[in-house]
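Read the structure below first, then the notes.
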Amino acid sequence: MNRPFDLIIRGIPDDLPETVAALCRSRLHNAVTELLSKTRLKAVKIMIETASSRLDMHAGSPLGTEHPDQTRPSDDPPIEVRALQYQAQQPLFTFDQLVVPDALMEDLLSAVEVMWVEHKVFDEWGLRTIQPFPHSALNFHGPPGTGKTLAAHAIAHTLKRSILVASYAEIESKFHGEGPKNVKAIFHAAERDQAILFIDEADSLLSKRLTEVTQGSEQAINSMRSQLFICLQEFRGVVIFATNLVENYDKAFETRVRYLHFPLPDEHCRREIWCRHLVPQLPLAENVSIDQLAAYADDICGRDIRNAVIDAAVRVARYGKAQVELRDLIEAVDRIKAARITVKSS
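My numbering puts the first residue of the sequence shown at 505, with every later residue one more than the last.
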């Protein structure tokens with residue numbers, strides 16, 4: 505349904521460059537067009553939240569005349585509207601870029617194979633009659649920088665699907681009751697876009713529910729976990745969580761989510777990661793040894809190696825040196841490790 509409509513936008517600051525303002529108007533126009541095309545709504549009123557006001561999608565507008573719902577508060581947008589804030593993107597990485605232990609790579613590829621045959625098994629072979637909502641749920645757990653995000657993108661690329669990325673911080677809300685609605689909205693958005701859903705920093709969502717709730721924030725977390733459990737039951741798609749430090753997973757999730765551990769790279773993996781990041785165009789001195797770099801530190805991740813290469817290259821260029829030497833790279837690793845220790849102790 506493509507109905508012509510007038511989009512009136514007030515309040516854009518005069519000092520905002522016109523190119524930026526035009527882009528914002530275009531994006532808002534596209535979002536409203538999508539909303540109208542997927543619903544029977546005839547009008548939408550949007551007010552932007554400030555410190556003293558709440559998002560008001562309905563007040564003064566005729567939305568309720570199209571979808572009457574006496575139980576929904578006047579300032580509570582329907583799930584289709586709430587889900588518009590979450591948009592899928594094309595995957596950025598492939599399995600060719602992922603360096604992990606062989607056993608983990610086999611587990612990842614095995615998980616992809618299961619996802620490939622879901623349509624055949626549940627639709628063509630009729631197993632959807634006994635399991636109406638099959639789903640593939642994975643939890644990538646391990647230290648930061650070990651390839652969890654890259655692997656999620658690689659799975660989406662292999663399955664020829666887009667990926668919808670969100671973190672716990674984007675789902676939670678300072679307003680009571682909003683968190684569970686955002687959980688529901690993000691699953692709705694993933695199904696709408698037929699995308700792989702990747703929820704980063706999901707430690708709080710998957711950990712054990714609190715039994716002695718004393719604060720509103722604790723009740724909010726429990727409510728989000730309950731809503732997540734419901735969404736996992738009903739979601740017809742692939743959802744991937746990334747966690748770092750969760751030790752006490754909720755039993756309700758343990759039996760419904762497959763866990764894959766992403767460890768810090770061993771020396772073999774570090775050697776491969778160094779090789780991939782020391783690109784051919786980088787002017788390396790003859791004393792740069794991949795073997796020495798791989799053996800130098802056993803407590804660094806792929807992200808550390810990438811950052812060390814960039815840091816060393818920037819310093820060499822800034823000081824007018826012609827080549828990146830082994831010492832430059834080792835000193836960059838030391839700086840990254842020292843900064844990490846400082847952050848932990850502060």
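All C-beta atoms in this analysis are idealised placements derived from N, C-alpha and C, irrespective of residue type, glycine included.
Between the Cα of residue i and the Cα atoms of the options, which residue gives the shortest distance?
i, options, result
"phenylalanine 702", "His623, Lys652, Gly824, Asp795", "Lys652"
"alanine 699", "Ser730, Lys685, Lys712, Leu663", "Leu663"
"threonine 813", "Ala836, His772, Ala799", "According to the sequence shown, residue 813 is valine rather than threonine. Out of Ala836, His772, Ala799, Ala836 has the C-alpha closest to the C-alpha of valine 813."
"glutamine 723", "Cys779, Gln593, Glu676, Asp611", "Glu676"
"leucine 797", "Glu771, Ala821, Val820", "Glu771"
"phenylalanine 739", "Asp697, Glu758, Asp803", "Asp697"
"methionine 728", "Leu736, Val761, Val536, Gly683", "Gly683"
"histidine 765", "Ile809, Tyr800, Asp611, Ser530", "Asp611"
"isoleucine 777", "Tyr763, Thr759, Asn811, Arg760", "Asn811"
"alanine 801", "Leu608, Arg780, Arg839", "Arg839"
"arginine 760", "Leu749, Val743, Cys773", "Val743"
"valine 585", "Ser541, Met619, Glu622", "Ser541"
"glutamine 635", "Asp606, Gln737, Tyr823", "Gln737"
"aspartate 538", "Phe733, Asp580, Leu588", "It is worth fixing the name first, because residue 538 is glutamate in this sequence and not aspartate. Among Phe733, Asp580, Leu588, the Cα nearest to that of glutamate 538 belongs to Leu588."
"leucine 608", "Phe644, Lys712, Asn534", "Phe644"
"proline 581", "Lys712, Gly681, Ile834, Ala756", "Gly681"
"phenylalanine 757", "Pro595, Ile809, Ser708", "Ser708"
"alanine 655", "Arg531, Phe626, Pro595", "Pro595"
What is the residue span of the beta strand (DSSP E) that residue i lies within?
i, result
"phenylalanine 599", "Taken as a continuous stretch (DSSP letters only), phenylalanine 599 belongs to no beta strand (DSSP E), as it is neither H nor E."
"valine 783", "Neither: valine 783 is in no beta strand (DSSP E) and is coded neither H nor E."
"valine 743", "742 to 747"
"leucine 545", "Counting along the chain, leucine 545 falls outside any beta strand (DSSP E), and DSSP gives it neither H nor E."
"leucine 764", "762 to 765"
If you measure between the beta carbons of residue i and residue j, is that distance less than 8 angstroms?
i, j, result
"valine 603", "proline 769", "yes"
"tyrosine 753", "isoleucine 690", "no"
"isoleucine 583", "histidine 692", "yes"
"phenylalanine 745", "leucine 710", "yes"
"alanine 826", "proline 787", "yes"
"serine 666", "glutamine 731", "no"
"glycine 649", "glycine 806", "yes"
"arginine 529", "isoleucine 513", "yes"
"cysteine 773", "proline 605", "yes"
"glycine 741", "alanine 694", "yes"
"lysine 688", "cysteine 735", "yes"
Under a CB-based cut-off of 8 angstroms, is residue i close to chain C?
i, result
"serine 671", "The structure shown contains no chain C; it holds only a single protein chain."
By the DSSP assignment, the alpha helix (DSSP H) with residue i in it spans what residues?
i, result
"arginine 586", "583 to 586"
"leucine 612", "606 to 620"
"lysine 755", "755 to 758"
message = Just to confirm the assignment: which complete alpha helix (DSSP H) runs, minimum length 4, are found wholly within the stretch 639 to 720?
response = 652 to 662, 672 to 675, 682 to 697, 707 to 710
query = For the stretch 658 to 665 against the stretch 594 to 605, are there 3 or more C-beta pairs whose distance is under 8 angstroms?
reply = yes
query = How about the stretch 670 to 677 and the stretch 703 to 711: do they share at least three Cβ pairs that are nearer than 8 angstroms?
reply = yes
request  = Indicate whether the contact test is met: 3 or more Cβ pairs, each with one atom in the stretch 612 to 619 and one in the stretch 629 to 644, closer than 8 angstroms.
outcome  = yes
request  = Taking 8 angstroms as the threshold, find out whether the stretch 777 to 796 comes into contact with the stretch 823 to 832 through three or more Cβ pairs.
outcome  = yes
key: Within the stretch 785 to 840, ranges of the alpha helix (DSSP H) (whole runs, at least 4 residues)   = 794 to 800, 806 to 822
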